[in-house]
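Novice:
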Amino acid sequence: MMIDTNRLPSTTKAIFDTLRGGNFIIDNHPEPEQRKMFIDCESYLPTLRAYFEPLGYDLEEGDGFFLFYIKDLVDSAKEHRMNQMISMLDIITLVLGVFPNFNVGWKGSPSELEIALKGDTLRREELENMRSIKGKTLTERCVSIFDTLSKFGCMIPLDDIFNNYLVGSSYNYLTEFYESVQRINNEVAKKNEIEDEE
Amino acid sequence: MTRARNFLELISVLRTKKDFLNAVFESKNRQMSLSNARNLIDDISIEELEANNLIEIFNNEVLLGEHLTRFLEAQLVDNYDEELFDYKNIFLKISKSIELYRTSFEVSGDAHKHTRNIHRYLRRIPNNLLDSLKSMQHHVEFTYRSAATNREKLQELKGYNEMLDEFYETLEFISRNMRVHLEFFEQINDNALDLQRFRVGEYILTIRDTLIKTTQIVIDYIRDTERSIHFHKHLVELKELSDRKEIRSKTNMYELIFNAKREPLLSGLSVVEKRNVQIKFYPDYANEEEFELRYLASLNKPNMIEKKANLNEPIEDDFLEEAIIVTVDYSDILYEYIDAKEQEGSFLTYLQHKEPELDGEELLAAYLDTIITNSQELVFTQEDEMVYGYRCMSAYSISNTAKTLQDSIL
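Listed below in structure tokens is the structure:
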């Protein structure tokens, strides 16, 4: 294989650094430089894939995003990931319950979440019980929710006076993952339930 | 000046100032100038109305209070408009006027009176259509926001979609009736009537266009909301299992993660914070033993994590569980290579010389990694160098290459 650096886009280093940092490259990022990286990833996908592959990173395309995949994870790392996805499940369930249109392109701020939760005792309690969320007050915990989503990469803080965040296309990664999680052994579970009742 | 303390007092204020309030309500934009208002009531009464939020004074204009305006418009205008928006009735009146026009024309009566009536009926239609569209939008915005659950919101959207369909039928009804009377309009050749007729036609086209777009948006919204409801329901089920600690046993989540050959490299929850020093490790996952060795080795490099450089300090378990260092930074070697002015070989040669233990895939990875992340410091030539079966471009320091070029020119 010939790795011809002249055929790579000028953003290769930025793409590599972004993805290697565990971040997504998305098509609806508010910054033009980030969107340029997405366009370059799309245009030079085979070349970039071949370039990054010897480094141990597989460049993969999702619905409006790119990210690196890595192989041969140890079980402890997978366990960590399992916990990570369970924490995100709590957060997404809460946010989607409060904002039914929470999806790619949605804009909102922690204060909007706070206002909504003030009148929703059940969900407020849910938030208080989330161990992965920091903060003592409702305001702090709402900020922590947005912060966690932002750290995960599916929300981007916008540079405006309202402290708004934008849901990036990377949110599709989470929806795809949770949609692929399905109940198993339903029949066994039902049988057990019937036996328990008896 | 007093503020009403109960309902009776408020009613009393409204009753004593009813003529003035009616005058403001009937005025254009529900407002009148302060000087005109002073002709109707005294300053104390104006202050009293303002104190009770029944009016607002802004820029020497007296505006009817927002809540009162909303209430009155909802009670009076909307109902009144229903009469106005009864297009069936309007076209019956137009047909009647046309009939009367023909009769009076034949008997040499006042035919113009009837064309004036038709003109008046037609003139109403465009504004009424716009008002209908706006009121529908305002209504749905309000009810959509106030809907508490996803299902209520979906219901509102479906209701809005039905309203749009009905409105589309209204437009069709108007177009159809305008075509029915086309012969009459052409026959009398009245410029004012033609103008109104064209205006109605133009508004219908524009509003129909808006309706088509709005309907598409609403349909997309309904689809997204339905999908969102379905997805949320699925998440709630998963969360219930998670709360009961059954998510591993009763879903395929464990298999999805543990049987996967590849995993996404994601940041977020794998940042470790210790003693005010935040360290991020790439990739986020790796072998624990390897990490421990690399971590201990890294402690010998004071520049990397200076604040943690204490060999005697035991490594805490939770630290090992959360994140792992794997990256070996060869940038230092690269900068050594760039700084070495007498160096004429390629960076790969230099790297092999400096790190003789590096071989095969590791060497390729280290080489590519360093040249990608520091590509601005290097120039690449057409020469090939083989690393682990891969033909890689040779990388040279920019300064050395410039020197080589200068030498060759000289």
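First to last, the protein sequences are chains A and B.
Read left to right, the first sequence gives residues 1275 to 1472 (my numbering).
Read left to right, the second sequence gives residues 18 to 427 (my numbering).
Ideal Cβ positions, reconstructed from N, Cα and C, are used throughout, including at glycine.
Check whether the region 214-230 of chain B and the region 1322-1342 of chain A are in contact - that is, three or more C-beta pairs closer than 8 Å.
Specialist: No, the region 214-230 of chain B does not touch the region 1322-1342 of chain A.
Novice: Would you tell me roughly how many angstroms separate the C-alpha atoms of B:Gln154 and A:Thr1285, rounded to the nearest one?
Specialist: Here the question's residue 154 of chain B lines up with position 137 in the second sequence. Here the question's residue 1285 of chain A lines up with position 11 in the first sequence. B:Gln154 and A:Thr1285: Cα-Cα distance of roughly 45 Å.
Novice: Tell me the residue span of the beta strand (DSSP E) that contains A:Tyr1343.
Specialist: As a first step, residue 1343 of chain A must be located in the first sequence, where it is residue number 69. Per DSSP, A:Tyr1343 belongs to the beta strand (DSSP E) from 1339-1345.
Novice: Identify, in the order they occur along the chain, each residue of the same chain with its Cβ nearer than 7 Å to the Cβ of A:Pro1304, setting aside the five sequence neighbours on each side.
Specialist: Taking the first residue of the first sequence as position 1, residue 1304 of chain A is located at position 30. Ile1430, Leu1432, Leu1440, listed in sequence order.
Novice: Of all the CB atoms in chain A, is at least one closer than 8 Å to the CB of B:Asn194?
Specialist: By 1-based counting over the second sequence, the position of residue 194 of chain B is 177. Answer no: the Cβ-Cβ gap between B:Asn194 and chain A never drops below 8 Å.
Novice: Only counting the same chain, and skipping five residues up and downstream in sequence, which positions put a Cβ closer than 8 Å to that of B:Glu78?
Specialist: Here residue 78 of chain B is taken as the residue at index 61 of the second sequence, counted from 1. So the list reads Gln48, Met49, Ser50, Leu51, once near-sequence residues are dropped.
Novice: Taking the DSSP output, what are the residues bridged to B:Pro281?
Specialist: The residue given as residue 281 of chain B occupies position 264 in the second sequence. Beta-bridge pairing links B:Pro281 to A:Tyr1343.
Novice: Taking the CB atoms as reference points, tell me whether B:Ala382 and A:Leu1370 lie closer together than 8 Å.
Specialist: Taking the second sequence and counting its residues from 1, one reaches residue 382 of chain B at position 365. Taking the first sequence and counting its residues from 1, one reaches residue 1370 of chain A at position 96. Contact: no.
Novice: Determine which residues share a DSSP beta bridge with B:Tyr428 and list them.
Specialist: No answer is possible for residue 428 of chain B: the residues shown for chain B start at 18 and end at 427.
Novice: Count the other CB atoms within 10 Å of the CB of B:His131; is the residue buried (16 or more) or exposed (fewer)?
Specialist: For the purposes of this step, residue 131 of chain B is taken as the residue at position 114 of the second sequence. That one is buried.
Novice: According to a CB-to-CB cut-off of less than 7 Å, which residues of the region 223-245 of chain B neighbour chain A?
Specialist: For the region 223-245 of chain B, which is checked against every Cβ of chain A, the residues closer than 7 Å are Asp241, Thr242, Ser245.
Novice: Residues in the same chain with beta-carbon distance under 8 Å from B:Tyr407, minus the five sequence neighbours each way, listed in chain order, please.
Specialist: Taking the second sequence and counting its residues from 1, the one referred to as residue 407 of chain B is at position 390. Cβ within range, chain order: Leu381.
Novice: Closer than 7 Å by C-beta to B:Thr33: which residues in its own chain qualify, once you throw out the five before and the five after it? Chain order, please.
Specialist: Locating residue 33 of chain B in the second sequence gives position 16, counting from the first residue. Result list for B:Thr33: empty, nothing under 7 Å.
Novice: Pick out whichever of B:Lys151, B:Arg119, B:Ser152, B:Ile111 has its Cα sitting closest to the Cα of B:Asn430.
Specialist: Residue 430 of chain B cannot be examined here, being either before or after the span of chain B that is shown, 18 to 427.
Novice: Once DSSP output is grouped into helix, strand and coil, what is the label at A:Gly1382?
Specialist: Locating residue 1382 of chain A in the first sequence gives position 108, counting from the first residue. Three-state DSSP puts A:Gly1382 in a strand.
Novice: Inspect the CB distances between the region 1334-1354 of chain A and the region 1294-1312 of chain A and report whether three or more fall short of 8 Å.
Specialist: Because the criterion of three Cβ pairs below 8 Å is met, the region 1334-1354 of chain A and the region 1294-1312 of chain A touch.
Novice: Comparing alpha-carbon positions, which option in A:Tyr1318, A:Leu1347, A:Lys1345 lies nearest A:Glu1335?
Specialist: Working through the first sequence from its first residue, we reach residue 1335 of chain A at position 61. Taking only the C-alpha atoms, the option nearest A:Glu1335 is A:Tyr1318.
Novice: Do the CB positions of B:Leu171 and B:Ile236 come within less than 8 Å of each other?
Specialist: Numbered from 1 along the second sequence, position 154 holds the residue referred to as residue 171 of chain B. Numbered from 1 along the second sequence, position 219 holds the residue referred to as residue 236 of chain B. Cβ distance not < 8 Å, so B:Leu171 and B:Ile236 don't count as in contact.
Novice: In chain order, what residues of the same chain lie with their CB nearer than 8 Å to the CB of B:Leu375, ignoring the 5 residues before and after it?
Specialist: As a first step, residue 375 of chain B must be located in the second sequence, where it is residue number 358. Excluding positions up to five away in sequence, the list reads Leu368, Gln369, Ala383.
Novice: Which runs of the alpha helix (DSSP H) fall wholly inside the region 343-385 of chain B and span at least 4 residues, in chain order?
Specialist: Listed in chain order, the complete alpha helix (DSSP H) runs (minimum 4 residues) inside the region 343-385 of chain B are 348-356, 364-371.
Novice: Kindly list, in the order they appear in chain A, the residues whose Cβ is closer than 9 Å to that of B:Asn269.
Specialist: Taking the first residue of the second sequence as 1, we reach residue 269 of chain B at position 252. Simply Ser1454, Val1455, Gln1456, Arg1457, Ile1458.
Novice: Taking all protein chains shown into account, do 16 or more other C-beta atoms lie within 10 angstroms of the C-beta of B:Lys256, making it buried, or fewer, making it exposed?
Specialist: Looking up residue 256 of chain B in the second sequence gives position 239. Looking at its Cβ environment, which holds 16 or more other Cβ atoms inside 10 Å, B:Lys256 is buried.
Novice: Just curious, the alpha helix (DSSP H) that A:Ser1454 is in, first and last residue?
Specialist: Reading the first sequence from its first residue, position 180 is the one you call residue 1454 of chain A. Where A:Ser1454 is concerned, the enclosing alpha helix (DSSP H) stretches over 1445-1454.
Novice: How far does the beta strand (DSSP E) with B:Asn75 in it reach, from first residue to last?
Specialist: Along the second sequence, read from residue 1 onward, the residue named residue 75 of chain B stands at position 58. This sequence places Phe at residue 75 of chain B; Asn is not what is there. B:Phe75 -> beta strand (DSSP E) spans 72-75.
Novice: According to DSSP, is A:Asp1434 part of a helix, a strand, or is it coil?
Specialist: Reading the first sequence from its first residue, position 160 is the one you call residue 1434 of chain A. Of the three classes helix, strand and coil, the one that applies to A:Asp1434 here is coil, per DSSP.
Novice: B:Arg279 versus chain A: which residues are under 7 Å apart at the beta carbon?
Specialist: The residue labelled residue 279 of chain B in the question sits at position 262 within the second sequence. Going along chain A in sequence order, the residues near B:Arg279 (Cβ under 7 Å) are Asp1332, Tyr1343, Ile1344, Lys1345.
Novice: Figure out for me which residue from B:Glu203, B:Arg137, B:Asn269, B:Leu38 has the closest Cα to the Cα of B:Gln213.
Specialist: For the purposes of this step, residue 213 of chain B is taken as residue 196 along the second sequence, with counting starting at 1. Selected option, being the one with the closest Cα: B:Arg137.
Novice: B:Ile63: which of B:Arg225, B:Leu38, B:Phe122 sits nearest, CA to CA?
Specialist: Locating residue 63 of chain B in the second sequence gives position 46, where the first residue counts as 1. For B:Ile63, the nearest C-alpha among the options comes from B:Leu38.
Novice: Can you name, in chain order, every residue of its own chain whose Cβ lies under 6 Å from the Cβ of B:Ile107, other than the five neighbours on each side?
Specialist: Here residue 107 of chain B refers to the residue found at position 90 when the second sequence is read from its first residue. Closer than 6 Å at Cβ, skipping near neighbours: Tyr138.
Novice: Mind checking which residues open and close the alpha helix (DSSP H) that includes A:Met1356?
Specialist: Locating residue 1356 of chain A in the first sequence gives position 82, counting from the first residue. Run containing A:Met1356: 1349-1372, per the alpha helix (DSSP H) assignment.
Novice: Counting pairs of Cβ atoms below 8 Å between the region 258-275 of chain B and the region 185-196 of chain B, do you hit three or more?
Specialist: The region 258-275 of chain B vs the region 185-196 of chain B: no contact.
Novice: Residues of chain B with CB under 8 Å from A:Asp1474, in chain order?
Specialist: Any answer about residue 1474 of chain A is impossible in this case: the structure gives chain A only from 1275 up to 1472.
Novice: Is B:Thr187 near A:Asp1291, with beta carbons less than 8 Å apart?
Specialist: For this step, residue 187 of chain B is matched to residue 170 along the second sequence. For this step, residue 1291 of chain A is matched to residue 17 along the first sequence. The answer is no: Cβ separation not under 8 Å.
Novice: Starting from the beta carbon of B:Ser13, find every residue of chain A whose beta carbon is closer than 8 Å, and list them in chain order.
Specialist: Nothing can be reported for residue 13 of chain B, as the shown portion of chain B is limited to 18 through 427.
Novice: Looking at the unbroken beta strand (DSSP E) that takes in A:Tyr1318, where does it start and where does it end?
Specialist: Start at 1 with the first residue of the first sequence, and residue 1318 of chain A comes out as number 44. Careful: A:Tyr1318 lies outside any beta strand (DSSP E) and carries neither H nor E.
Novice: Can you check which of these residues, A:Ala1288, A:Arg1294, A:Gly1295, is closest to A:Arg1309 by C-alpha distance?
Specialist: Position 35 of the first sequence, counting from 1, holds the residue named residue 1309 of chain A. Nearest of A:Ala1288, A:Arg1294, A:Gly1295 to A:Arg1309, Cα basis: A:Ala1288.
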